[in-house]
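In the numbering used here, the protein residues as written are 313 to 652. Scroll down for the structure; my scribbles are underneath it.
Structure representation (structure tokens):
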């Protein structure tokens, strides 16, 4: 068993589950925090948790990020070497319907993590940001060195706020902090509110799928195993200050403080219609497409520049979309016992 202990918040969530598995395989001790909320089917979260609970070295704590006393106790009870904050209220569209949930979890909750890191000094805090912070930006590929001051959803605004909060704490308390802007993560045990899950369910049930912007969209779909490989490599790669940082030409991705920002994506944007075509092939069934206008809070394209992450840890996303969708479909059919 590894001597290092990692806190993974959101451990019953999609990425948190896969990351916890990977860390346990590598011999880390993992303390998983999750509130098991009902934003989507709680039985899926419980299924992920059941897998983790069977593994040596995993301890689950049920709790909420925005419960200050809970987080303070968690950090007092355990001596974390590393902290990975993946817990958040997710979803672009839901942020229009229920904005308060995003402030509680993504702002207040993250503040509680930062405060606890301030007082307990783990070696490295890694946290989830999002490609949604690029908002109205059109210059492709999206680079962490670009300005991102024009979010178009509250979800994106909370993630941008997390980056600013993280920088402030890194400056004030010298906490090494790394933020990761995730790009369209998909794979087995994925979230039911994500396109791949929704499309798969509807196609199998013979129901129409809503295709926004009449299908004229591209996404930098990134397979979860590639994401998790990147995170596990980054955890011990403790953020450092950039000695060349220039206050007259400030670089948003680095700092005079031990603070770093990276994109973590696949770098190969996929046309939405091709994505659906691959899914149809894997399911052996055609989709009934309901072509819709663009939704509020959405962007037409995502495309990641991951050069900085390649330089830092040798990050190389290697999963083709055809293979990744096939893996998801195989999992879905088995998990839900779908007979074809």
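We put the beta carbon where it would ideally sit given N, CA and C, even for glycine.
In angstroms with no decimal places, state the Cα-to-Cα distance between residue i and residue j.
| i | j | result |
| --- | --- | --- |
| residue 437 | residue 642 | 34 Å |
| residue 605 | residue 523 | 8 Å |
| residue 585 | residue 555 | 45 Å |
| residue 497 | residue 344 | 20 Å |
| residue 517 | residue 510 | 11 Å |
| residue 577 | residue 329 | 19 Å |
| residue 563 | residue 340 | 34 Å |
| residue 462 | residue 473 | 12 Å |
| residue 651 | residue 428 | 48 Å |
| residue 408 | residue 416 | 15 Å |
| residue 323 | residue 350 | 15 Å |
| residue 569 | residue 479 | 8 Å |
| residue 640 | residue 433 | 38 Å |
| residue 673 | residue 512 | Nothing can be reported for residue 673: it is not among the residues displayed for the chain, which extend from 313 to 652. |
| residue 542 | residue 406 | 28 Å |
| residue 320 | residue 592 | 35 Å |
| residue 552 | residue 566 | 9 Å |
Applying the 10 Å Cβ sphere with the 16-neighbour rule, what's the burial state of residue i?
| i | result |
| --- | --- |
| residue 589 | exposed |
| residue 649 | exposed |
| residue 378 | buried |
| residue 346 | buried |
| residue 538 | buried |
| residue 655 | There is no way to answer for residue 655, as the model of the chain reaches only from 313 to 652. |
| residue 363 | exposed |
| residue 546 | buried |
| residue 370 | buried |
| residue 400 | buried |
| residue 453 | buried |
| residue 674 | Nothing about residue 674 can be read from this structure; the chain reaches only from 313 to 652. |
| residue 494 | buried |
| residue 581 | buried |
| residue 521 | buried |
| residue 599 | buried |
| residue 476 | exposed |
| residue 354 | exposed |
With DSSP collapsed to three states, give me the class of residue i.
| i | result |
| --- | --- |
| residue 442 | strand |
| residue 523 | strand |
| residue 423 | helix |
| residue 602 | strand |
| residue 394 | strand |
| residue 641 | helix |
| residue 456 | coil |
| residue 496 | coil |
| residue 342 | strand |
| residue 373 | strand |
| residue 530 | strand |
| residue 636 | helix |
| residue 348 | coil |
| residue 417 | helix |
| residue 616 | strand |
| residue 436 | strand |
What first and last residue would you give for the beta strand (DSSP E) that runs through residue i?
| i | result |
| --- | --- |
| residue 477 | First-last for residue 477: 466-485, but that is the alpha helix (DSSP H), not the beta strand (DSSP E). |
| residue 575 | 571-576 |
Contact criterion: CB-CB distance below 8 Å. Does residue i meet it with respect to chain D?
| i | result |
| --- | --- |
| residue 616 | In the structure shown, chain D cannot be found, because there is only a single protein chain. |
So the alpha helix (DSSP H) residue i belongs to, where does it begin and stop?
| i | result |
| --- | --- |
| residue 586 | 584-595 |
| residue 542 | 536-546 |
| residue 620 | 619-625 |
| residue 328 | 326-337 |
| residue 319 | Taken as a continuous stretch (DSSP letters only), residue 319 belongs to no alpha helix (DSSP H), being part of the beta strand (DSSP E) at 317-321. |
| residue 512 | 507-516 |
| residue 406 | 406-409 |
| residue 304 | Nothing about residue 304 can be read from this structure; the chain reaches only from 313 to 652. |
| residue 380 | 380-389 |
Inter-stretch contact (C-beta, 8 Å, three-pair minimum) for the stretch 434-454 and the stretch 466-479: Yes, they touch.
Give a yes or no on contact between the stretch 471-488 and the stretch 611-622, applying the rule of three or more CB pairs nearer than 8 Å. Flag = no, the stretch 471-488 and the stretch 611-622 do not touch.
Is it a yes or a no for the stretch 627-639 touching the stretch 524-537, going by three-plus beta-carbon pairs under 8 Å? Short answer: they touch.
Taking three-plus beta-carbon pairs below 8 Å as touching, is the stretch 448-459 in contact with the stretch 504-519? The stretch 448-459 vs the stretch 504-519: no contact.
I'd like to know if the stretch 405-412 and the stretch 325-338 are in contact, where contact means that at least 3 CB-CB pairs between them fall below 8 Å. A contact between stretches requires three or more CB pairs, one per stretch, nearer than 8 Å, and the stretch 405-412 fails this requirement with the stretch 325-338.
Would the stretch 356-366 and the stretch 385-401 be scored as touching if the rule is three or more Cβ pairs under 8 Å? The stretch 356-366 makes no contact with the stretch 385-401: fewer than 3 CB pairs, one atom from each, lie closer than 8 Å.
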